[in-house]
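> Protein chains in written order, with the numbering used here: chain A, 1 to 489; chain B, 490 to 630.
Think of the CB as a built atom: it goes at the ideal place given N, C-alpha and C, for glycine as much as any other residue.
Here the structure is a predicted model, which is why all the values come from computation and not from measurement.
Here's a structure for you.
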């Protein structure tokens, strides 16, 4: 079936829930409203079809409302694979392993923060290394030259290392997906090059679509859940959101294993539809080696976001001359985007473990899930949806329906509509800066060109993509958040 | 004068795609390195205060492109050096020798446009047309 024909043949089986006929091993399922479906690039469906042909894929090749073209599979895609018959693929996870979002609350109000936003953003810009060439030596990390033993501990222990070394508290760990520590990590499976890139970049934000924002709570959609997270409890409450991942460490792991998997494919006469989607059986030596190395990338990213949290806390203490407790600088939640993890689901009335790949997609566990603790068990897992720097972001929660239907997965952001090169031409830097100023957003960036690539019109309408998922019952809106200060690498 | 490379506006939604040109493989790879540095830094080629040499080997020509770009990325991340120009020799067994001109990242800081993090195999294509070798590549940024 031609791809155009496949897209036209999608049937709406439930509100904003579209299905194709079986293609490869499973059908495609897309969560989006009709408008988004119509505007989605055809190549997105082609890539979803390629993924549907991978061995051991279960139920569907999933697309979410923020999906756009990726390498191998789209960004905004998920697929669960059988542990015995299924595969693992770096291209179906992404280069930036555990790229993710963290939301931190404060007890500060917009009235307290607005007059000092310039000073605050400038201080954060100096204390959180960002941009190309930023490295650990500019961070507040006490270890200036990370050796192999320290990086091994970070990669294998994740947040437990951060607690032991004074960068995190117990609640930070509780409020991080997987409690910030994946046990399957094995540093011996990570290359020397990955170690060398990683040791330089811990505690840094990076560049591209990585950012740090000071935001004001704009609108509540579910006051009860917001209040349970200590949000929206004071008028004009200010929060901090940031987006970053495993930096060069994760990229190197992905590059290394794509090459290894290409060799595996060649050796075993596997005909790949797309070489970027090279895979190995999950239970093979090659598959397990990658799973263990990729798990190191997941833990590294958790620690990276934690060191940045530590630096944010120090910056706020410096500016407001109050204690961390008084400022209420607590992690609301930390979610992962690019991962493959073993999770248990009910398949045909049988509890079954799968290796769920999420690429540019967020876990979306509902209330009562055994992985959730404390208040989250009652309200569901927070899902942080980052929007463009002009349009704002959302805090949502996961649902039981997501666990039943989409292997507990939902969208991750607004999704791009325009290439970076096209955005450089279409978005004029002076107009963008003027618009940001008019909206009351103070911005500090290393690169103005980098900034134009991230302008609001380069992205889909975040309200549409978030509402699509809410109407499909896969995640629920809690709050919308409006930027007042932004740092870009 | 032959164009060294062309950025592709309508491809790679989240990243950057380009086509590099060369009369032979040495020139193609040199132009790939120039394209990558100019994607990262405005007027990158004017800076060259350091020199480095390296060799790589790959099993196919397209993987050699990926490995070459990933080597440039590695030097940027690990040695804080951006390769701004290069002299390339490639033998029939796909052994690549590179003598590269570099600049320290700290000296380029205010001219950075975007960070290249990896070369991908996505739509990677090398073909010969009218005596010219063309290579299309998508970079993860």
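1) Taking beta-carbon pairs under 8 Å, can you tell me which members of the stretch 55-83 of chain A lie near chain B?
2) Ignoring anything shorter than 3 residues or poking outside the stretch 421-445 of chain A, list the beta strand (DSSP E) runs there in chain order.
3) Quick check: the Cα distance between residue 348 of chain A and residue 404 of chain A, rounded to an integer number of angstroms?
4) Under a Cβ-count criterion, where at least 16 other Cβ atoms within 10 Å of its own Cβ denotes burial, should residue 374 of chain A be classed as buried or exposed?
5) Excluding the 5 residues preceding and the 5 following residue 265 of chain A in the sequence, name in chain order all residues of the same chain whose CB lies nearer than 7 Å to its CB.
6) On the DSSP bridge list, what partners appear for residue 68 of chain A?
7) Considering only the beta carbon of each residue, do residue 383 of chain A and residue 339 of chain A sit closer than 8 Å?
8) Tell me the DSSP secondary structure of residue 475 of chain A in three-state form.
9) Measuring straight from C-alpha to C-alpha, what distance separates residue 350 of chain A and residue 344 of chain A?
10) DSSP beta-bridge partners for residue 241 of chain A?
11) Can you round the beta-carbon distance between residue 190 of chain A and residue 293 of chain A to whole angstroms, since I take them to be within the 8 Å contact cut?
12) Where does residue 494 of chain A land, buried or exposed, given buried means 16+ other C-beta within 10 angstroms?
13) At 7 Å on the CB atoms, spell out the chain A contacts of residue 496 of chain B, in chain order.
14) Give me the residue from A/415, A/146 and A/155 with the minimum Cα distance to residue 250 of chain A.
15) Mapping DSSP to helix, strand and coil, what is residue 140 of chain A?
16) Along the alpha helix (DSSP H) that carries residue 118 of chain A, what are the first and last residues, could you check?
17) Under 8 Å by Cβ, that's how I've got residue 498 of chain A and residue 319 of chain A pegged, so tell me the actual separation to the nearest angstrom.
18) Hey, quick one: how far does the beta strand (DSSP E) through residue 333 of chain A stretch, first residue to last?
19) At which residues does the beta strand (DSSP E) containing residue 507 of chain B begin and terminate?
20) Give me the Cα-Cα distance between residue 486 of chain A and residue 242 of chain A, rounded to the nearest whole angstrom.
21) Within the 8 Å Cβ cut-off, does residue 529 of chain B reach chain A?
22) Is the CB of residue 412 of chain A under 8 Å away from at least one CB in chain B?
23) Put residue 251 of chain A into one of helix, strand or coil per three-state DSSP.
24) Figure out for me which residue from A/88, A/370 and A/157 has the closest Cα to the Cα of residue 296 of chain A.
25) What are the residues that DSSP puts in a beta bridge with residue 563 of chain B?
26) Taking residue 19 of chain A and residue 11 of chain A to be in contact with their CB atoms under 8 Å, please state how far apart those CB atoms are, rounded to whole angstroms.
27) I'd like the span of the alpha helix (DSSP H) that includes residue 149 of chain A, first residue to last.
28) Taking C-beta pairs closer than 8 Å, name the residues in chain B that residue 282 of chain A reaches, listed in chain order.
29) If we cut at 8 Å on Cβ distances, does residue 122 of chain A have a partner in chain B?
30) Pick helix, strand or coil for residue 191 of chain A, following the three-state DSSP scheme.
31) By the three-class DSSP mapping on this structure, what secondary structure does residue 584 of chain B have?
32) Taking only beta carbons into account, state which residues of the stretch 583-612 of chain B come closer than 7 Å to chain A, listed in chain order.
33) Have a look at the DSSP bridge pairing and note the partners of residue 494 of chain B.
34) Classify residue 166 of chain A: buried if its beta carbon has 16 or more other beta carbons within 10 angstroms, exposed otherwise.
35) In this structure, how does DSSP classify residue 172 of chain A when only helix, strand and coil are distinguished?
36) Going by CA-CA distance only, name the one from A/442, A/470 and A/458 that's closest to residue 114 of chain A.
Well, looking at it:
1) For the stretch 55-83 of chain A, the set of positions with a beta-carbon nearer than 8 Å to some beta-carbon of chain B reads 68, 69, 70, 71, 72 and 75 in chain order.
2) DSSP runs (the beta strand (DSSP E)) wholly in the stretch 421-445 of chain A: 442-445.
3) Along the first chain, one-based indexing puts residue 348 of chain A at 348. Along the first chain, one-based indexing puts residue 404 of chain A at 404. If I take the Cα positions, the gap works out to 11 Å.
4) Here residue 374 of chain A is taken as the residue at index 374 of the first chain, counted from 1. Around the C-beta of residue 374 of chain A, fewer than 16 other C-beta atoms lie within 10 Å, and the residue is accordingly described as exposed.
5) Here residue 265 of chain A refers to the residue found at position 265 of the first chain. Closer than 7 Å at Cβ, skipping near neighbours: 272 and 278.
6) Position 68 of the first chain, counted from the first residue, corresponds to residue 68 of chain A. A/75, per the DSSP bridge assignment.
7) Against the first chain, residue 383 of chain A aligns to sequence position 383. Against the first chain, residue 339 of chain A aligns to sequence position 339. No, these two residues do not count as a Cβ contact at 8 Å.
8) Mapped onto the first chain, residue 475 of chain A falls at position 475. Under the three-state reduction of DSSP, residue 475 of chain A is assigned to strand.
9) Taking the first residue of the first chain as 1, we reach residue 350 of chain A at position 350. Taking the first residue of the first chain as 1, we reach residue 344 of chain A at position 344. In a straight line, the C-alpha of residue 350 of chain A is about 10 Å away from that of residue 344 of chain A.
10) By 1-based counting over the first chain, the position of residue 241 of chain A is 241. In the DSSP output, where bridge partners are listed per residue, residue 241 of chain A has A/103 and A/213.
11) By 1-based counting over the first chain, the position of residue 190 of chain A is 190. By 1-based counting over the first chain, the position of residue 293 of chain A is 293. At roughly 5 Å, the Cβ-Cβ gap stays under 8 Å, so residue 190 of chain A and residue 293 of chain A are in contact.
12) Any question about residue 494 of chain A goes unanswered here, given that chain A covers just 1 to 489.
13) Along the second chain, one-based indexing puts residue 496 of chain B at 7. 421, listed in chain order.
14) Position 250 of the first chain, counted from the first residue, corresponds to residue 250 of chain A. The shortest CA-to-CA distance from residue 250 of chain A to any of A/415, A/146 and A/155 is the one to A/155.
15) Translated into positions along the first chain, residue 140 of chain A becomes position 140. In this structure, residue 140 of chain A counts as coil in the three-state DSSP scheme.
16) For the purposes of this step, residue 118 of chain A is identified with residue 118 of the first chain, where counting begins at 1. Per DSSP, the unbroken alpha helix (DSSP H) holding residue 118 of chain A starts and ends at 117-127.
17) Any question about residue 498 of chain A goes unanswered here, given that chain A covers just 1 to 489.
18) Your numbering for residue 333 of chain A matches position 333 in the first chain. Residues 330-336.
19) Within the second chain, the letter at position 18 stands for residue 507 of chain B. Per DSSP, residue 507 of chain B belongs to the beta strand (DSSP E) from 505-511.
20) Locating residue 486 of chain A in the first chain gives position 486, counting from the first residue. Locating residue 242 of chain A in the first chain gives position 242, counting from the first residue. Going from the Cα of residue 486 of chain A to the Cα of residue 242 of chain A covers about 10 Å.
21) Within the second chain, residue 529 of chain B is the residue found at index 40, counting from 1. Using a Cβ-Cβ cut-off of 8 Å, residue 529 of chain B counts as an interface residue toward chain A, since at least one Cβ of chain A sits closer than that to its own.
22) Position 412 of the first chain, counted from the start, is the residue given in the question as residue 412 of chain A. No - not a single Cβ of chain B is within 8 Å of the one on residue 412 of chain A.
23) Position 251 of the first chain, counted from the start, is the residue given in the question as residue 251 of chain A. In the three-state scheme derived from DSSP, where H, G and I count as helix and E and B as strand, residue 251 of chain A is classed as helix.
24) Looking up residue 296 of chain A in the first chain gives position 296. Residue A/157 is the option with its Cα nearest to residue 296 of chain A.
25) Within the second chain, residue 563 of chain B is the residue found at index 74, counting from 1. Its beta-bridge partners do not exist; DSSP assigns none.
26) In the first chain, residue 19 of chain A corresponds to position 19, counting from 1. In the first chain, residue 11 of chain A corresponds to position 11, counting from 1. The pair is a contact, with the Cβ atoms about 6 Å apart (cut-off 8 Å).
27) Your numbering for residue 149 of chain A matches position 149 in the first chain. Start and end: 148-157.
28) One-based indexing of the first chain puts residue 282 of chain A at position 282. Result: empty, since nearest Cβ-Cβ is about 21 Å, beyond 8 Å.
29) Counted from its first residue, the first chain places residue 122 of chain A at position 122. Not closer than 8 Å to any Cβ of chain B, the Cβ of residue 122 of chain A fails to qualify, so no.
30) The sequence position of residue 191 of chain A within the first chain is 191, counting from 1. Of the three classes helix, strand and coil, the one that applies to residue 191 of chain A here is coil, per DSSP.
31) Counted from its first residue, the second chain places residue 584 of chain B at position 95. DSSP places residue 584 of chain B in strand when its eight states are reduced to three.
32) Cβ proximity to chain A below 7 Å picks out 594, 595, 598, 601, 602, 603, 604, 606, 607, 609, 610 and 611 from the stretch 583-612 of chain B.
33) Taking the first residue of the second chain as position 1, residue 494 of chain B is located at position 5. For residue 494 of chain B, DSSP records a beta bridge to B/509.
34) Position 166 of the first chain holds residue 166 of chain A. That one is exposed.
35) Along the first chain, read from residue 1 onward, the residue named residue 172 of chain A stands at position 172. Here residue 172 of chain A sits in helix by DSSP.
36) Here the question's residue 114 of chain A lines up with position 114 in the first chain. Considering only alpha carbons, the answer is A/442.
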